[in-house]
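Participant: Under the working numbering, the first residue of the sequence shown is numbered 13, with each subsequent residue one higher. Backbone N, C-alpha and C define an ideal beta-carbon position, used for all residues, glycine too. The structure presented is a predicted model; accordingly, all values stated were derived computationally and were not measured. Sharing a structure, written as structure tokens. Questions coming.
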Amino acid sequence: MRETSRKPQATSRKPGVRGLELEAWGSRRPVVVVSKCLLGERCRYNGETISAPVVLSLSDRVEFVPVCPEMGIGLLVPRDPIRLVKTRRGIRLIQARTGRDLTTRMRRFCREFLSGLPVRGFILKSRSPSCAVWDAVVDDDGGKLTGETRPGVFAAEVLACFPGLPVEDEERLEEPSAGRRFVGLLSASGRGLQSSLPPKAKLDSQSRRSTILLRE
Ligand code: SF4
């Protein structure tokens with residue numbers, strides 16, 4: 013995974029998700045899939061850990077299902093960085109040093125992982141070529157930045173397969189309006205107002221949309 017540095021966005025003093033209550037629905041807490049590194053796990057490409065207090069602040073109100081898609085496809089820690097590359101076959105997930113194209117493996121992992129998961133929302137790591145919701149940088153096949161950003165491959169599958177569910181990254185969750193919206197949608201999904209469990213048979217066809225997301 014390679015991430016570019018970006019200036020932290022200005023945040024208001026109003027609380028984002030902190031202090032907001034989810035509606036109660038029995039004893040069940042909503043299942044939220046989270047990028048594992050946001051919980052402080054040592055799964056990043058360089059073995060470093062990161063801290064995401066806004067994510068941890070939700071841990072007593074939701075049931076986190078942590079996932080590291082890059083480890084899910086068998087990559088180790090530390091590992092050679094991977095990146096999104098614009099090719100004639102569309103945007104591909106490539107390990108630059110080895111030239112390995114990991115796109116198909118990643119998509120297969122996503123379908124297996126997401127199939128049948130009773131999930132209500134996603135919190136994914138910004139700027140990751142696997143997890144970023146919208147801001148993974150895209151290189152050309154010579155390794156130069158194209159100036160474009162896209163969802164990472166795992167996130168593209170999520171967006172395609174769960175169009176009605178809240179999907180945020182840890183930076184947007186710090187913004188009050190995005191945080192409130194995320195918590196509101198989680199509550200709505202708890203009342204059954206959102207469909208969260210696509211039929212298994214539909215996952216394959218829905219995931220084809222992720223190819224479109226990466227090609228547009
Ligand atoms: S951003 Fe995603 S793929 Fe990268 S370390 Fe975190 S969980 Fe793993």
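Can you find a heavy atom of ligand 3 that lies under 7 Å from the Cβ of M118?
Facilitator: With respect to small molecules bound, the structure shown includes ligand 1 and not ligand 3.
Participant: D147: buried (16+ other C-beta within 10 angstroms of its C-beta) or exposed?
Facilitator: Buried: at least 16 other Cβ atoms inside 10 Å.
Participant: Quick check: the Cα distance between P93 and L105, rounded to an integer number of angstroms?
Facilitator: If I take the Cα positions, the gap works out to 10 Å.
Participant: Give every residue of the same chain whose Cβ lies closer than 7 Å to the Cβ of R54, excluding the five residues on either side of it in the sequence, and list them in chain order.
Facilitator: T61 and V89.
Participant: Mark T245 as exposed unless 16 or more other C-beta atoms lie within 10 angstroms of its C-beta, in which case mark it buried.
Facilitator: The structure shown does not extend to residue 245, since the chain is modelled only from 13 to 228, so the question has no answer here.
Participant: Kindly indicate which residue of K137, I85 and P65 has the alpha-carbon position closest to the one of L114.
Facilitator: Nearest option by C-alpha distance: I85.
Participant: Out of C80, L96, I103 and R91, point me to the one whose CA is closest to L126's CA.
Facilitator: When each option's Cα is compared against that of L126, the closest is C80.
Participant: What is the residue span of the beta strand (DSSP E) that A148 lies within?
Facilitator: Here the beta strand (DSSP E) through A148 covers A148 to D151.
Participant: Measuring CA to CA, which of F166, V43 and S138 is closest to D72?
Facilitator: Selected option, being the one with the closest Cα: V43.
Participant: Which runs of the alpha helix (DSSP H) fall wholly inside the stretch 71-155 and span at least 4 residues, in chain order?
Facilitator: Fully enclosed alpha helix (DSSP H) runs of 4 or longer: 81-84 and 115-126.
Participant: Can you give me the Cβ contacts of R119 inside the same chain, cut-off strictly under 6 Å, excluding the 5 residues immediately before and after it?
Facilitator: Nothing listed; no residue qualifies.
Participant: Using the rule of at least 16 other Cβ atoms within 10 Å of the residue's Cβ for burial, across every protein chain shown, is P175 buried or exposed?
Facilitator: Flag for P175 reads exposed.
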